[in-house]
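All remarks here apply to the structure that follows.
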C-alpha cells in the first residue's frame with residue numbers, strides 16, 4: 045500500500061514535466077527480499093496515440109531513498125512557471141487601401157451563417173452545474189494591467205501547459221472534455237491541464253491537475269489563415285465538480301459563517317437557436333493567465349479577467365480583413381484593454397438572463413504586442429456546435 049501511495053504522489057507531482065516516474069518491486073536475491081526502486085522514462089507520443097518509441101536509450105532506476113522525484117516532492121519544488129512561453133497567433137496590422145467592392149467581398153464572407161441542427165448529435169447533456177458561479181462578478185476592464193479573479197469566479201477556467209513549455213487557456217465543458225484553440229494543441233503531444241486554480245505559482249486546495257495525450261484538432265484547421273481554430277483535450281480521468289469551504293473570518297464562529305465556493309464547474313455551451321445571434325453589442329468577459337503588460341514577456345502568475353464588448357465583424361474587419369470569417373467573433377474595450385499573449389484558447393463568456401454563463405468565444409488571434417484598445421478575435425463557438433457535439437458526445441440544447 046505504501047508503495048502505491050508513493051508512486052501515485054510521484055505521478056501527480058511530476059506529470060507537468062512530462063516525465064513518467066514509476067515504482068517497481070523487484071526481488072534482489074533468492075530469499076525474495078524485495079527492494080523498491082523509482083524508475084523514470086520519457087516516451088514520445090503523437091497527438092492522442094503512443095508511438096511506443098523512447099527518447100531515452102534505457103529506463104533509469106534508482107533506490108527509492110535516492111529518488112530525485114521523491115526528494116523534489118518532499119522539498120515542495122514547483123515548476124518554474126515564469127519560463128513557460130505563451131502560444132500565440134499574431135496578425136500584422138493591415139495598411140492596404142481597398143476599393144468599396146473589395147470591402148463588400150470581405151463583408152460577405154464575414155456574414156453570420158446560422159447552423160442547422162444536425163440529425164446525429166451527442167446524447168449526453170452537459171452537467172447541471174454548467175454555467176454556474178458562486179462569486180458575484182465585479183466588472184473590471186483589465187487582463188493587461190491585471191485584475192485578479194477571485195476563486196470560484198471563473199470555475200470553468202483551465203490553464204494548459206503544452207509539452208512542458210507552452211502556455212494556453214481553456215475551459216471545461218464536461219467532466220471529460222476541455223475546449224481550447226487548435227493552435228494551442230498543434231505541434232504538442234503532452235497536455236497538462238489544471239482546473240480550479242487562480243494561481244500558477246502556488247498550489248491551491250481543491251485544484252486538480254492531470255496530464256493528457258489525447259487531443260482533437262479540427263480537420264480543417266489552418267494555421268496560416270487561422271481558420272477553424274478549435275480543439276479539444278480529453279482528460280484521462282473524469283473530473284468531479286468540487287468545492288471548498290472558505291471562512292469569511294479568520295476564525296470559525298459557527299457553521300453559518302462558512303460558505304462554499306465551487307472551484308471547478310463547467311461552462312455552458314450555447315444553444316442551437318443562438319447560432320443565429322451575432323451577439324454584437326453584448327457585454328462579455330474574457331479570462332486568462334496571459335501577459336499583464338503589452339509587449340512584455342512574462343505571463344501572469346494569477347488568473348485575470350477583462351470586461352469587454354462584442355463588436356460586429358464589419359467593425360472588426362477593418363483590423364483583420366484577411367483573416368476574419370463568419371466563424372469568428374470579436375471584442376473591443378472602451379477602456380483600452382484587451383486579452384493578450386497566453387490567453388489563447390481561453391473562454392469568452394456572456395452572462396445570460398437566467399444567471400448562467402455561456403461560452404460564446406475562444407481566444408484565437410490578435411495583433412502583435414497586444415496594443416491597448418485593439419480588437420481581439422475569437423472562435424465563434426456557435427459555428428462549431430455540431431463539431432463539438434460529434435466529438436464529445438454532448439447534446440446541444442435547443
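In our numbering, the protein residues as written are 45 to 442. Heads up, the beta-carbon is just placed ideally off N, CA and C, and yes, glycines get one too.
Under the three-state DSSP convention, the category residue i falls into
i           : result
residue 359 : helix
residue 331 : strand
residue 98  : Any reading at residue 98 must be qualified, since the residue scores a pLDDT of 32, below 50, and its modelled position is unreliable; no value is offered.
residue 191 : coil
residue 307 : coil
residue 145 : helix
residue 442 : coil
residue 215 : strand
residue 317 : helix
residue 110 : Only weak support is given to the placement of residue 110: the predicted model assigns it a pLDDT of 49, under 50, and the value that follows is read from those uncertain coordinates. If DSSP states are grouped into helix, strand and coil, residue 110 belongs with the helices.
residue 354 : strand
residue 298 : Because residue 298 carries a pLDDT of 38, less than 50, the predicted location of this residue cannot be relied on, and the following value inherits that uncertainty. Three-state DSSP puts residue 298 in coil, outside helix and strand.
residue 389 : coil
residue 185 : Because residue 185 carries a pLDDT of 44, less than 50, the predicted location of this residue cannot be relied on, and the following value inherits that uncertainty. DSSP places residue 185 in coil when its eight states are reduced to three.
residue 209 : coil
residue 409 : strand
residue 312 : strand
residue 259 : strand
residue 404 : strand
residue 271 : strand
residue 116 : For residue 116, the pLDDT reaches just 39, beneath the cut-off of 50, and the residue's location in the model is therefore unreliable, although a value from the coordinates is still provided. Of the three classes helix, strand and coil, the one that applies to residue 116 here is helix, per DSSP.
Range of the contiguous alpha helix (DSSP H) that encloses residue i
i           : result
residue 431 : 429-436
residue 229 : 226-229
Beta-carbon proximity check, residue i vs residue j, cutoff 8 Å
i           : j           : result
residue 222 : residue 279 : yes
residue 207 : residue 401 : no
residue 235 : residue 259 : yes
residue 197 : residue 224 : no
residue 243 : residue 358 : no
residue 252 : residue 217 : no
residue 329 : residue 351 : yes
residue 355 : residue 422 : no
residue 202 : residue 213 : yes
residue 256 : residue 277 : yes
residue 388 : residue 407 : yes
residue 348 : residue 192 : yes
residue 171 : residue 391 : no
residue 376 : residue 419 : yes
residue 368 : residue 168 : no
residue 25  : residue 226 : The first residue shown for the chain is 45 and the last is 442, placing residue 25 beyond what the model contains.
residue 270 : residue 428 : no
residue 313 : residue 394 : no
residue 250 : residue 240 : yes
residue 440 : residue 322 : no
residue 397 : residue 319 : no
Beta-bridge pairing of residue i - partner residues as DSSP gives them
i           : result
residue 172 : Paired residues: none, contrary to the question.
residue 397 : Answer by DSSP bridge pairing: none, since residue 397 is not bridged.
residue 265 : Answer by DSSP bridge pairing: none, since residue 265 is not bridged.
residue 326 : In the DSSP output, where bridge partners are listed per residue, residue 326 has none listed.
residue 221 : 278
Limits of the beta strand (DSSP E) - the one that residue i falls within
i           : result
residue 197 : Careful: residue 197 lies outside any beta strand (DSSP E) and carries neither H nor E.
residue 424 : 420-424
residue 372 : 372-376
residue 235 : 235-239
residue 347 : Taken as a continuous stretch (DSSP letters only), residue 347 belongs to no beta strand (DSSP E), as it is neither H nor E.
residue 256 : 252-256
residue 201 : 201-206
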